[in-house]
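**Q** Numbering of the sequence shown is given in the numbering used here, commencing with residue -13 and proceeding in unit increments.
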Amino acid sequence: KQGVGRLIRDVDDRGVLVICDNRLVMRPYGATFIASLPPAPRTRDIDRAVRFLAASQTQ
-13 KQGVGRLIRD
-3 VDDRGVLVIC
7 DNRLVMRPYG
17 ATFIASLPPA
27 PRTRDIDRAV
37 RFLAASQTQ
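1) In whole angstroms, what separates the C-alpha of Ser42 from that of Ala17?
2) Could you have a look at Thr29 and say whether DSSP puts it in helix, strand or coil?
3) Look up Leu3 in the DSSP assignment and say whether it is helix, strand or coil.
4) Give a yes or no on whether the C-beta atoms belonging to Ala35 and Val11 are separated by under 7 Å.
5) What first and last residue would you give for the alpha helix (DSSP H) that runs through Val(-3)?
6) So the candidates are Arg(-8), Cys6 and Arg0; which of them puts its Cα closest to the Cα of Arg68?
This is how it looks when you write it as structure tokens:
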């Protein structure tokens, strides 16, 4: 949560949290960690994340 809080500090902030550790989807404790994060869209598609950031820059 702390890392997400540092990424998004204001209602107008946009960002992408990238988690590269596959244990979060392969190990039982991963679901607990993911559930502790604030609600947000999730994807494993890097292109979707890039499009999101690109769209955020034009706003």
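Quick reminder that beta carbons are idealized off the backbone N, C-alpha and C, glycines included. A quick note: this is a predicted structure, and the numbers were derived from the prediction, not measured.
**A** By the coordinates alone:
1) Translated into the one-based positions of the sequence shown, residue 42 becomes position 56. Translated into the one-based positions of the sequence shown, residue 17 becomes position 31. If you take the alpha carbons of Ser42 and Ala17, they lie about 28 Å apart.
2) Translated into positions along the sequence shown, residue 29 becomes position 43. The answer is coil: DSSP assigns Thr29 none of H, G, I, E or B.
3) Sequence index remark: in the sequence shown, residue 3 carries index 17 (1-based). Residue state, collapsed to three classes: coil.
4) Here residue 35 corresponds to residue number 49 of the sequence shown, with the count starting at 1. Here residue 11 corresponds to residue number 25 of the sequence shown, with the count starting at 1. Not in contact: Ala35 and Val11 (Cβ atoms no closer than 7 Å).
5) On the sequence shown, position 11 is the one that residue -3 refers to. It is not in any alpha helix (DSSP H) - Val(-3) carries neither H nor E in the DSSP assignment.
6) Residue 68 is absent from the structure shown; the chain starts at -13 and stops at 45.
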